[in-house]
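Taking it in order: structure first as structure tokens, then the write-up.
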Amino acid sequence: MPKPLFRGVCASSITPFHPDGNLRLERLKPHIDWLIGQRVDAISPLGSSGEFPAMECSDRERMLAAALEAIAGRVPVVAGTHDYSTARTIRLSKFAETAGADALLIVPPYYMAPTPAQVMDHYRRIAQAVSIPIILYHNIPLTSVDLTTEHLLKLFEERAIAGVKMSHPEPDRQCQLLQATNGAFTVYAGIDTAAFEGLCHGSHGWISGIPSTVPAAARRLYELIAIEGDLPAARLLWAKLAPLMRLQFEAYHSKGEGAHWFSSMKAALNMIGPPVGDPQPPIQPLPENLRKTLADMLINLGYEVHSEMGG
Numbered sequence: 282m283p284k285p286l287f288r289g290v291c292a293s294s295i296t297p298f299h300p301d302g303n304l305r306l307e308r309l310k311p312h313i314d315w316l317i318g319q320r321v322d323a324i325s326p327l328g329s330s331g332e333f334p335a336m337e338c339s340d341r342e343r344m345l346a347a348a349l350e351a352i353a354g355r356v357p358v359v360a361g362t363h364d365y366s367t368a369r370t371i372r373l374s375k376f377a378e379t380a381g382a383d384a385l386l387i388v389p390p391y392y393m394a395p396t397p398a399q400v401m402d403h404y405r406r407i408a409q410a411v412s413i414p415i416i417l418y419h420n421i422p423l424t425s426v427d428l429t430t431e432h433l434l435k436l437f438e439e440r441a442i443a444g445v446k447m448s449h450p451e452p453d454r455q456c457q458l459l460q461a462t463n464g465a466f467t468v469y470a471g472i473d474t475a476a477f478e479g480l481c482h483g484s485h486g487w488i489s490g491i492p493s494t495v496p497a498a499a500r501r502l503y504e505l506i507a508i509e510g511d512l513p514a515a516r517l518l519w520a521k522l523a524p525l526m527r528l529q530f531e532a533y534h535s536k537g538e539g540a541h542w543f544s545s546m547k548a549a550l551n552m553i554g555p556p557v558g559d560p561q562p563p564i565q566p567l568p569e570n571l572r573k574t575l576a577d578m579l580i581n582l583g584y585e586v587h588s589e590m591g592g
């Protein structure tokens, strides 16, 4: 049976920017060191939290190289090499492999919403161009592409992908893949609200907003469920994490009037870790009226909150 790249939690590291949009790479290593100190099992540069849509290919390559240098082999690196264009995805994927990434995280082509057959061809072409594992980032809301369990298993059987980050609100989608392959297909919970049940089903880990925002708390939840089997304690911790999840996704459940998830993530990181700056426009910083609410949630999770350093 193939071994998963990692078990546990994977943080999607942020990309630090100057206010003018240029990379601020001197802030990257302190952020990486903090994530590793929080006991993450892997790091994914240029995932959604890395703001890759706001970056030119050349800046993505600079960012990946800097992240790999900062991580320096301490944990596996799952490089985000997503792009609408198959050719650009292959370019970024080859760069990541040459630079030393352990695996690739690739979301299906977005905006034009290609058919499932076309998306599958996209992954086959990438797999032919690189030799490191590909984790398919299944995210229907951001891509309008819903690959079925059968589609994903077909790509796995063809060795075009090694696993999936399943960002689907129904935990059963994780369970179907695990049961169909007796756990051989690597499955990571990719949406926070489905992580608890996904880990209980036997998913190999968790790559999403909470592991990137409060990594130590996410790692502890993984331990309680997957290693210690202490579900009563896991439920107590899950209840503490739930308000933060609701805050992060409030904008999607309040007709767009709440905070964007990424605004709250960067604000939280500025409160409890080294400064990481503000989101790139069009995403705006967290509104002032939500900052104390966020700080109280972090304190309830055991974090020491310090003055924010955005910008």
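Residue numbering for the sequence shown is 282 to 592, as defined by the numbering used here.
For every residue, glycine included, the Cβ atom is placed at its ideal position computed from N, Cα and C.
TODO: Would you kindly report the start and end of the unbroken alpha helix (DSSP H) that includes residue 271?
DONE: This structure cannot speak to residue 271, because the chain is shown only from 282 to 592.
TODO: With a 10 Å radius around its C-beta and 16 neighbouring C-beta atoms as the bar for buried, classify residue 299 as buried or exposed.
DONE: It is exposed - the Cβ of residue 299 has fewer than 16 other Cβ atoms within 10 Å.
Task: Proximity of residue 287 and residue 322 at Cβ, strictly below 9 Å - done: A distance below 9 Å separates the beta carbons of residue 287 and residue 322.
Task: Close-in-space but distant-in-sequence residues of the same chain around residue 296 (CB under 6 Å, 5 per side omitted) - done: So the list reads 331, 332, 344, once near-sequence residues are dropped.
- [ ] Quick one: measure Cβ to Cβ for residue 363 and residue 418, integer angstroms, because I've assumed they're closer than 8 Å.
- [x] Cβ atoms of residue 363 and residue 418 come within 8 Å of each other, at about 7 Å.
Open item on the list: Three Cβ pairs or more, each shorter than 8 Å: is that satisfied between the stretch 357-373 and the stretch 382-396?
Closed with: Verdict: yes, contact present.
Open item on the list: Restricting to Cα atoms, I'd like to know which of 371, 415, 412, 448 is closest to residue 429.
Closed with: Distances from the alpha-carbon of residue 429 to those of 371, 415, 412, 448 put 448 closest.
Task: Any 3 or more C-beta pairs closer than 8 Å across the stretch 452-460 and the stretch 468-482 - done: The stretch 452-460, when compared against the stretch 468-482, does touch it at the 8 Å Cβ threshold.
Open item on the list: If the criterion is Cβ atoms closer than 9 Å, does the pair residue 308 and residue 560 meet it?
Closed with: The answer is no: Cβ separation not under 9 Å.
Task: Proximity winner among 529, 563, 562, relative to residue 572 (alpha-carbon distances) - done: Closest in C-alpha terms to residue 572, from the list 529, 563, 562, comes 529.
Open item on the list: Please report the distance separating the alpha-carbon of residue 444 from that of residue 526.
Closed with: Residue 444 and residue 526 have their C-alpha atoms roughly 25 Å apart.
- [ ] Determine the closest residue to residue 369 out of 407, 357, 360, with distance taken between C-alpha atoms.
- [x] Nearest option by C-alpha distance: 407.
- [ ] Give me the Cα-Cα distance between residue 548 and residue 329, rounded to the nearest whole angstrom.
- [x] Using only the alpha carbons, I get a separation of about 16 Å.
TODO: Provide the residue span of the alpha helix (DSSP H) that contains residue 408, from first to last.
DONE: Annotation for residue 408: the continuous alpha helix (DSSP H) segment containing it runs 397-410.
Task: Range covered by the alpha helix (DSSP H) that runs through residue 514 - done: Its alpha helix (DSSP H) spans residues 512-529.
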